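Per this note's numbering, residue 30 is the first one in the sequence shown, and the count goes up by one each step. Virtual Cβ for every residue (Gly too), placed ideally from N, Cα, C. For clarity, every value in this text was computed on a predicted model and none was experimentally measured. What follows is one structure encoded as structure tokens, with my remarks underneath.
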Amino acid sequence: LFLFRKMLHDFFKNFRWIYAAVGLFLLAFVLWLALWRAPDGRLHLRLLRSEAESSLLLTSPGGYTLLIDPSSESNALAAALSPALSPWNFHLDAALATELAPAKNILELNDRLPVDGVILAPPAYLIGQEESAAILPASAKVKKLSDTESIRLEDDLTVLPLAVDLHHTALL
30 LFLFRKMLHD
40 FFKNFRWIYA
50 AVGLFLLAFV
60 LWLALWRAPD
70 GRLHLRLLRS
80 EAESSLLLTS
90 PGGYTLLIDP
100 SSESNALAAA
110 LSPALSPWNF
120 HLDAALATEL
130 APAKNILELN
140 DRLPVDGVIL
150 APPAYLIGQE
160 ESAAILPASA
170 KVKKLSDTES
180 IRLEDDLTVL
190 PLAVDLHHTA
200 LL
């Protein structure tokens, strides 16, 4: 037993530099990954397409993520969003629905990717008699915009509704 213990001690003593090198490599990799996914101070717009629909992901210079008009294919949308989001804080800060149909997709998307807030333009919440209201995630903070109200994402970044009618919203 003592001989086996001595052999193990000698074996690990000779290879301590390998453990140190592996530890330093893992630390460098984690730091590189954190810096690679950190906000870079630039505004990013990504068009996410599915078969028949498209959504727009806005990432602010400070890292705020806003998904505009989520498509109905939530699996494909969540897969397309994953590379754009930080692995350390994997969520959407908000989803903006400019119409009723994308508002109805937010609940299903929230099952695959946490959505912290929901912003609804007037066509998404002013519904007619033949339509049903969108069911939104209970955990999300919901904000209903008026025709002229803007969305302030950061100090220097604001999204404005340019034109609104009963069915559509144009953003600036």
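Shortest Cα-Cα distance from Leu121 to any of Ala57, Ala130, Ser111 and Leu76 involves Ser111. Of all C-beta pairs linking the region 129-140 to the region 162-169, three or more are shorter than 8 Å, placing the two stretches in contact. Judged by DSSP in its simplified three-state form, Ser84 adopts strand. It is roughly 4 Å from the alpha-carbon of Ala123 to the alpha-carbon of Gly146.
A residue is called buried when at least 16 other Cβ atoms come within 10 angstroms of its Cβ; Leu60 does not meet this threshold and is exposed. For Ala199, there is no enclosing alpha helix (DSSP H); the enclosing beta strand (DSSP E) has its first and last residue at Thr198 to Leu200. Separation of Glu102 and Phe41 (C-alpha to C-alpha, rounded to the nearest whole angstrom) is 53 Å. For Ala150, the three-state secondary structure derived from DSSP is coil.
Taking Ala113 as the centre and dropping the five residues before and after it, the same chain places the C-beta of Arg75, Leu86 and Thr88 closer than 7 Å to its C-beta, in chain order.
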